[in-house]
Amino acid sequence: MSLAAAATAAAFFSALTAAGAAVTAGEIYMEHDAASFGNKTMWWPIFVVPAAIPAGIAAVFSRRAAKTVLPFASALIVANGLQGTYLHLRGVKQRPGGWTRYNIEGGPPVFAPMLASLVGGMGLLAAVLRREEEPAGA
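Heads up, our numbering is the position in the sequence shown plus 133, with the first residue counted as 1.
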């Protein structure tokens, strides 16, 4: 990949991370609010996911932010998404009847936390591409 292509891809994925984090954070808030924030851990993605918005915007314009802030925020989001997947799976299991089709469809959305992890993954990809654009030995 040429340096120009890597820079363009890194900026694109950084901006996409910021936009994806904004949309995802809004969706998470609405869904967790509908569930009345019944578990205190439901607040965690409300605070973790939006961290990628300023980090992604900064990474579009700053190589330093793309190598420091964006990977940190993105890794936090991936970890939170994996934790959310576990909690949602546990939530389905704890419903009366356990693992039934009804509980899987009507309980906590099992795959929704992976959306947050995808946003974090885009941020990590942007950070890797930003590092790739540096000349060798820098």
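Don't be surprised by glycine CBs; every beta carbon is placed ideally from N, CA and C.
Backbone secondary structure at residue i - three-state DSSP
i: F170; result: coil
i: W274; result: No information on residue 274 is available, as it lies outside the stretch 134 to 271 that the chain covers here.
i: V261; result: helix
i: F244; result: coil
i: S147; result: helix
i: S250; result: helix
Which listed residue (the options) has its alpha carbon closest to that of residue i
i: I161; options: E238, G256, A260, H221; result: H221
i: P183; options: A249, R264, A142, A154; result: A154
i: V156; options: M175, I186, W177; result: I186
i: L209; options: A138, A249, V193, N236; result: A249
Close beta carbons around residue i, own chain, < 8 Å, minus the five adjacent residues each side
i: E164; result: P242, A245
i: A152; result: G189
i: M175; result: H165, A168
Unbroken alpha helix (DSSP H) run spanning residue i, endpoints
i: R223; result: 202-227
i: G189; result: 185-194
i: W177; result: 177-181
Own chain partners of residue i with C-beta closer than 6 Å, once the 5 adjacent residues on each side are dropped
i: Q227; result: none
i: S207; result: G253, G256, L257
C-beta neighbour in chain B for residue i, strict 8 Å
i: T201; result: Among the chains of the structure shown, chain B does not appear; only one protein chain is present.
The ligand NAD heavy atom lying under 7 Å from the CB of residue i
i: F145; result: Although the ligand NAD was asked about, the structure shown includes no ligands whatsoever.
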